[in-house]
Amino acid sequence: MCRADRFPAQNPRKNSRPPQAHAHRSVVCVGSVQGMSELDHVVWAVPSIRDAADGVLQRCGLRALPGGVHPAWGTRNAVIPLDGAYLELVEVADPDAPRVGFTARVAEVAEAGGGLAMWCERVDDIAAEAAVRGYEVVPGARTNDDGSQLRWQLAGIAQASATPVLPFLIQWDDPATMPGAIVVDHPCGAIERVHLDVGPHGPKDLRITTASGETVLR
Numbered sequence: 042m043c044r045a046d047r048f049p050a051q052n053p054r055k056n057s058r059p060p061q062a063h064a065h066r067s068v069v070c071v072g073s074v075q076g077m078s079e080l081d082h083v084v085w086a087v088p089s090i091r092d093a094a095d096g097v098l099q100r101c102g103l104r105a106l107p108g109g110v111h112p113a114w115g116t117r118n119a120v121i122p123l124d125g126a127y128l129e130l131v132e133v134a135d136p137d138a139p140r141v142g143f144t145a146r147v148a149e150v151a152e153a154g155g156g157l158a159m160w161c162e163r164v165d166d167i168a169a170e171a172a173v174r175g176y177e178v179v180p181g182a183r184t185n186d187d188g189s190q191l192r193w194q195l196a197g198i199a200q201a202s203a204t205p206v207l208p209f210l211i212q213w214d215d216p217a218t219m220p221g222a223i224v225v226d227h228p229c230g231a232i233e234r235v236h237l238d239v240g241p242h243g244p245k246d247l248r249i250t251t252a253s254g255e256t257v258l259r
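Residue numbering for the sequence shown follows the numbering used here, starting at 42 and increasing by one per position.
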């Protein structure tokens, strides 16, 4: 088992079993002060995506995939698909980007050594959900390394950046292309359960459990 804030380079994890195909979808949920929600992804702010990705592969057996850039925020990401949800590694790519909103939150956590920064709830009707919460809906996109674009709609990103106990909302333009839908044979095996605990100050405990019952990240 490894933790999201500690990835020393020594003692890499030994893979004692071959990668497994995903035979079923994992259980993905969030326990928060607001009740239970459907988790889309967790933002893990890091000083260096490369170092974090290497560490989580060696220590946890979880494989990160290249993501892309968020031009509006000056950030870059990589994704760890978790069979229905995903862990998003985010670093500040443009040191001159204004430190406001999402960028400010990522920079704050990364400069403190890195860790769980924010969380995102997936919804089917973002316009309706945003109206209830008083959020503005804005389009989002990032350019993948292959030049393709991933598109979505977001709501509540400013509120969640300032108050991380709150989730921001997302609706994918094409759910089949969302990072959580990517099938990855992680060295640790198939993912059985993803559970995020959210405390009064934001995300505090992410548990990823394999089909064999091993908790590989906490």
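No residue lacks a Cβ here, since even glycine has one placed at the ideal position from N, Cα and C.
DSSP, reduced to helix, strand and coil, places V147 within a helical segment of the structure shown. Residue state for L128 is assigned as strand, using DSSP reduced to three classes.
Using a Cβ distance threshold of 9 Å, V131 and V147 count as a contacting pair. By the Cβ test, the region 169 to 180 is in contact with the region 195 to 210, since at least three Cβ pairs between them sit closer than 8 Å. Assigned with DSSP and collapsed to three states, V141 falls in coil, not helix or strand. The Cβ atoms of R248 and V235 sit closer than 9 Å to each other. In the DSSP assignment, E162 is bridged to L80 and L210. For the pair W85 and A158, the Cα-to-Cα distance works out to about 6 Å.
With a cut-off of 8 Å on Cβ pairs, the region 220 to 234 is in contact with the region 88 to 105, counting three or more such pairs.
Residue environment for V173: exposed (fewer than 16 other C-beta atoms within 10 angstroms of its C-beta). When secondary structure is reduced to three states using DSSP, V224 falls in the coil class, being assigned neither helix nor strand. Straight across, the Cα-Cα distance linking D124 with D165 is about 18 Å. The residue among P241, D137 and T218 with its C-alpha nearest the C-alpha of P205 is P241. For V257, the CB contacts under 8 Å within the same chain, skipping 5 residues up- and downstream, are M42, C43, C101, G102, L103, C229, I249, T250 and T251 in chain order.
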